[in-house]
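Be aware that the sequence shown starts at 138, since it is given in the numbering used here, and climbs by one per residue. By construction, the Cβ of each residue, glycine as well, lies at the ideal position given by its N, Cα and C atoms. The block underneath contains the structure these notes are about, expressed in structure tokens.
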Amino acid sequence: ERSARRSVSEARASSARAPSRGAPSPPASDAGRDASAPEDEEHPEPVPVENFKLSKTFKGHLMSVSNIALHPKKSILATASDDATWKMWDLPNGNLIMSGDGHKDWVAGVNFHPAGTHLASASGDCTVKIWDFAQKRCTMTLTEHTAAVWNAAFHDTGDYLASCSLDHSVRLWDLHTARCRLAFRGHVDSVNEVCWQPFTNNFATGSSDKTVSLWDMRTGLCAQTLYGHLNSVNHLTFNTNGDVIASCDADGLVKLWDVRMVAEMLSVDCGPHPANKVSFDRAGETVAVASDDGTVKCFGSNDGELLAELRGHEDAVQGVLFDPNGEFLVSCSSDHTFRLWS
């Protein structure tokens, strides 16, 4: 089942492909940006991860905790688990607020609606469910994927949802009609992660075919492909500005990509164990890596220097996120727990 995610297909060329003449400009160009993008705030301080220690441990689920998401407005964490449930907790106390029971197989991804009113969950039962907090129930089940769904991500407007699957595709859902608008095909193996570029109509995907791709939701086309990983890409994320992607693979390699230049900026070896997730701090200067060796590794995004190695989990770390205010880091693991570091 989950080992399918690690599958690899034929090796791809390992150099980043330069855009050909006359090709559409990289999707990161400001032309693709919505007017809703906020003005630049004062530059946030990098998070002092060197001083972080394990502050709290919460036994969250009966089985492995596979993913986490932070609420956009409140200090609330959602967890997804192999026990086929998702749960919502208040931080830093870790009191259970709500749990969702309805999937028929493991839950691999959770994501909050930008208004904080709904949650999307992605599951091994091939569905994505939308949960309404006011009604305290599942109000929509999206069923067109033909294999396990790894994650689902809301667009900034809240009108659309993108989901990625073991069936090699990404689907774009119109949440007003509950219909699939487009299927994005191009990867030749499992699509393990989908992530929107902030305040644009573009999203990035990471796949077991060893590539990272950028897509335009309006055209349905792949705008760029980034080559360089030599094993399955497990996860990727944008920095706050949306001009850098961090991606990680099953060899433990983490790469940073300049989206506008379509080029690799930095490669950091966190192996030999697989790197399962990556997260930027708000300043974009620190990258945290959830490692299969049970640690969270933090390095500087400018030079790749290891800043901290957070030890405490008793099994593989499956997810990691920085609190947007820079006060703590949260991680989840196959040891059935999620932990706070501050």
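What does the Cβ neighbour count give for residue i, buried or exposed, with the cut at 16 atoms within 10 Å?
i: Pro164; result: The pLDDT assigned to Pro164 is 43, lower than 50, so where the model puts this residue is not dependable; a value taken from the coordinates is nonetheless given after this. Classification for Pro164: buried.
i: Asp472; result: buried
i: Leu126; result: One cannot answer for residue 126 here, as it falls past the ends of the chain, which runs 138 to 479.
i: Gln334; result: buried
i: Thr216; result: buried
i: Asn371; result: buried
i: His324; result: buried
i: Leu358; result: exposed
i: Asn230; result: exposed
i: Pro461; result: exposed
i: Lys210; result: exposed
i: Pro96; result: Given a span of 138 to 479 for the chain in the structure shown, any question on residue 96 remains unanswerable.
i: Ser404; result: exposed
i: Gln361; result: buried
i: Thr337; result: buried
i: Leu199; result: exposed
i: Phe459; result: buried
i: Thr474; result: buried
i: Leu477; result: buried
i: Ser470; result: buried
i: Asp296; result: exposed
Tell me, please, which residues DSSP counts as bridged to residue i.
i: Met277; result: Ile267
i: Ala259; result: Gly246 and Val265
i: Ile234; result: Beta-bridge pairing links Ile234 to no other residue.
i: Phe465; result: The partner list for Phe465 (beta bridge, DSSP) is empty, contrary to what the question assumes.
i: Val325; result: Answer is none; Val325 lacks a bridge partner.
i: Val307; result: Cys301 and Phe321
Checking 8 Å against the spacing of the C-beta atoms, do residue i and residue j come in under that value?
i: Thr222; j: Ser236; result: yes
i: Ser300; j: Val265; result: yes
i: Asn376; j: Gly441; result: no
i: Asp262; j: Asp293; result: no
i: Phe291; j: Ala245; result: no
i: Ala285; j: Ser302; result: yes
I believe residue i touches residue j by the beta-carbon criterion, under 8 Å. Please report the beta-carbon distance rounded to the nearest angstrom.
i: Phe195; j: Trp226; result: 7 Å
i: Val415; j: Cys385; result: 5 Å
i: Ser438; j: Leu466; result: Not really, about 15 Å apart at Cβ, beyond 8 Å.
i: His255; j: Asp269; result: 6 Å
i: Thr423; j: Leu447; result: Actually they are not in contact, since the Cβ atoms of Thr423 and Leu447 sit about 12 Å apart, beyond 8 Å.
Could you pull out every unbroken beta strand (DSSP E) segment of at least 3 residues lying fully inside the region 408-453, listed in chain order? 412-417, 423-428, 432-437 and 443-448
Ordered list of alpha helix (DSSP H) runs contained in the region 365-409, each at least 4 residues: none
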